[in-house]
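One structure is given below, encoded as structure tokens.
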Amino acid sequence: MGCCHSKIEREETVSRCKARKRYMKQFVQARHAFSAAHVMYIRSLRATGSALFQFANAETTVLHHHLPSRPHPILPPPPPRTPTPMPPPPPPPMSPSSYTWTSDTTSSPALPQPPPPPPPPVASSAWDFWDPFMPVVASRLATEEEWEATTTTGSEVVVMAAASVTAPPSVVSGFSKETPSELAMVVSRNSTKDLVEVIKELDDYFLKAADAGSHVSLLLEVPNSGFSDNSKACKVHSYGWSLSPSLWAWGSSPKLNGGAFGVNGVGSVGHCSTVERLYAWEKKLYQEVKNAKTIKMEHEKKLALLRKVEMKRADYVKTEKTKKGVEKLESQMMVASQAIDSTSAEIIKLREVELYPQLIELVKGLMCMWRSMYECHQVQKHIVQQLEYLNTIPSNNPTSEIHRQSTLQLELEVKQWHQSFCNLFKAHRDYIQSLTGWLRFTLFQFSKNPLSRTPEESKIYSLCEEWHLAVDRIPDKVASEGIKSLLTVIHAIVVQQAEEQKQKKRSDSAFKELEKKVVQLRSLECKYGPYSMPESYGSMRTKDPVTEKRAKVDALRAKAEEEKSKYEKSVSVTRAMTLNNLQMGCPHVFQGIVGFSSVCMEVFESVYNKAKAAEQEHDVKRILP
């Protein structure tokens with residue numbers, strides 16, 4: 001039996017079906033991992049922004065008493081974080097050439113003049129953002145065009161960034177209307193903002209970037225994302241599909257109730273449901289192919305025996321019995337072949353009717369997500385440039401316990417951001433790699449000639465091959481190293497704060513010891529007087545206990561003052577290092593993440609446009625006679 005089983009497993013068709021089943025199992029696991037990695041990355045964006053905001057509040061509280069005179073008092077504790085409201089309606093459209101930049105405080109002088117006093121505080125944000133949804137003048141080439149202009153007028157810093165990210169309208173009908181190119185202009189009203197004001201703006205765009213992933217969360221059916229009922233339904237159904245696919249009626253497939261998964265025409269069945277059912281059908285197909293091969297091998301044996309019996313002219317009864325055995329096996333082979341055809345038809349139906357539209361929608365969702373993230377990170381890149389304009393006088397205020405905890409929390413969240421970023425693209429690569437592997441074994445099972453594939457098979461195969469190549473082209477290491485560099489500088493702050501705390505303990509311990517010795521000195525002075533003389537006993541001359549104790553106290557006082565000086569220096573180092581490290585670390589992060597998200601946006605746009613062009617070509621061929 002074992003030898004026969006091994007021989008069946010080595011059969012080409014059986015081994016291919018086994019490989020198909022293995023890749024589909026990997027795809028089921030990869031979809032789950034991709035979903036989990038996506039939600040963790042979105043969570044890490046929110047958490048990193050929040051941790052940065054709390055850290056900035058703690059640091060600003062320490063520094064605030066040492067800032068220059070400002071038009072407002074110490075900032076109150078931060079309010080609960082809520083998403084920033086949408087900006088006001090855009091101004092009337094105007095041509096790019098009509099933009100003029102003027103200062104609220106002074107016109108452009110011929111000679112350098114000292115900056116005027118900062119304007120009074122305003123109720124709105126210190127940054128203004130307009131998104132007039134104006135078409136850009138120059139068309140977009142292979143990579144997106146961007147231009148920046150920076151103007152400084154008095155205390156006002158103006159930064160303008162334009163990014164054209166519109167998909168070619170000739171390829172994607174109507175898509176450019178959904179997400180037109182945006183012109184983001186960032187204006188800093190004065191250069192005397194403090195750290196918490198800069199980081200608050202940064203936090204707002206972390207929230208916006210996280211919100212950009214909500215549609216992909218829906219498509220991936222992320223657990224605990226507001227679709228718990230349907231997620232539970234998916235788990236329940238997938239359990240049933242794994243156990244009893246044979247209970248399904250031929251020519252039909254189980255459907256998930258719940259319209260939450262009906263996104264943009266995909267239908268009421270979600271991606272999780274489709275992938276789980278495909279895996280169940282693949283397992284069924286594998287068993288059916290094995291069964292058919294077993295019957296075929298048994299049929300070949302019986303047929304050889306029948307020929308042998310007929311050649312030997314055996315008795316009639318034995319010949320007829322052997323002949324009936326052959327006929328029975330031929331009947332079983334026919335049934336097995338029909339079962340294989342029916343199962344294969346169900347797999348093709350799921351692949352073309354459900355899976356392919358879901359993949360198209362997912363690629364479009366990823367394109368839109370990275371486009372929005374690119375725009376958010378582009379603004380963040382300009383926001384962090386304001387860190388170098390902070391007018392902060394070095395402070396001698398020590399690091400509080402709350403500040404130490406907020407720094408540790410920030411280190412933890414940035415570490416999670418880095419880890420979740422790495423996990424996201426590993427899961428993404430595994431997802432498309434397993435899917436492409438399954439398609440290769442599925443579409444080339446009976447013919448290695450790609451020209452023999454149907455147009456539907458060509459569409460999904462071309463989509464996934466393009467997707468696979470695109471993901472491999474994305475330079476995620478640059479962005480990963482950028483996040484890691486921020487983690488490094490934050491860790492340096494944590495280490496310095498710990499050193500400051502140790503030095504504080506050494507200073508406190510030295511002063512406690514000094515206080516103890518001073519008490520002992522006072523006791524001796526009360527007993528012997530402050531100026532007692534040494535006593536003589538014969539030829540022996542004893543030491544003066546008061547003078548001896550006073551010398552020890554003086555030595556301890558010098559040591560305590562030295563430890564105190566070291567502690568004060570350590571505090572100054574911590575304060576200076578904190579701002580300096582943020583000024584060094586933050587720009588690297590957003591430079592890397594802007595470049596990364598720009599590439600992601602472009603590659604998914606390319607994949608989506610090619611897929612839609614292929615669909616249009618297929619539709620034209622189908623219409624033409």
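Note that the UniProt record's numbering gives residue 612 to position 612 of the sequence shown, counting from 1, and the numbers run on in steps of one. C-beta atoms are modelled at their ideal positions from N, C-alpha and C, and glycine is treated no differently. Please read all numbers here as calculations on a predicted model, not as lab measurements.
Beta-carbon gap between residue i and residue j smaller than 8 Å
i    : j    : result
I460 : R351 : yes
W438 : V363 : no
Q520 : T574 : no
L195 : T60  : yes
A210 : L45  : yes
F596 : D476 : yes
V571 : E499 : no
K301 : E11  : no
Q358 : T442 : no
F206 : W370 : no
H38  : S217 : yes
A470 : S565 : no
W417 : I347 : no
C272 : R31  : yes
T322 : L305 : yes
S420 : M40  : yes
Spatial distance of residue i from residue j (CA atoms)
i           : j    : result
C368        : T488 : 31 Å
M24         : S480 : 30 Å
residue 646 : G270 : Lying before the first or after the last residue shown, residue 646 is absent from the chain, which here runs from 1 to 625.
I295        : L303 : 12 Å
M584        : A551 : 49 Å
E568        : F425 : 45 Å
A492        : R440 : 49 Å
F34         : K283 : 23 Å
K415        : Q433 : 27 Å
L524        : S400 : 39 Å
I8          : V317 : 32 Å
residue 654 : D544 : Only positions 1 to 625 of the chain appear in the structure, and residue 654 is not among them; the question remains open.
C586        : Q287 : 56 Å
S485        : D204 : 22 Å
Exposed unless 16 or more other CB atoms sit within 10 angstroms - verdict on residue i
i           : result
Q338        : exposed
E617        : exposed
N57         : buried
C526        : exposed
V335        : exposed
L554        : The amino acid at residue 554 is misidentified as Leu; the sequence shows Asp. Flag for D554 reads exposed.
T143        : exposed
E513        : exposed
G529        : exposed
residue 627 : This structure leaves residue 627 out entirely; the chain is present only between 1 and 625.
D315        : exposed
I402        : exposed
E310        : exposed
K312        : exposed
V495        : exposed
Contact set for residue i: own chain, Cβ-Cβ below 7 Å, skip 5 residues either direction
i    : result
F590 : H377, Q380, K381, V384
I593 : H377, A479, G482
Q29  : none
F55  : S406, T407, L410
K610 : E466
S462 : A614
H428 : F34, V471
Helix, strand or coil at residue i [DSSP, three-state]
i    : result
D194 : coil
V379 : helix
P398 : coil
V478 : helix
A56  : helix
G270 : coil
T143 : coil
A280 : helix
R16  : helix
E562 : helix
M297 : helix
Cβ-heavy atom distance, residue i to the ligand NAP, below 7 Å
i    : result
K566 : Ligands in the displayed structure: none, and consequently the ligand NAP is not present.
Own chain, CB closer than 6 Å to residue i, minus 5 neighbours either side, in chain order
i    : result
I42  : A210, G213
Y374 : S597, S598, M601
L412 : none
L202 : Q380, I383
Sequence-distant residues of its chain with Cβ nearer than 8 Å to residue i (five each side left out)
i           : result
K557        : Here the sequence assigns Arg to residue 557, which means Lys is not the residue at that position. Around R557: L514.
residue 680 : Past the edges of the chain, shown from 1 to 625, lies residue 680, and the structure says nothing about it.
V289        : T13, V14, C17, I340
K308        : none
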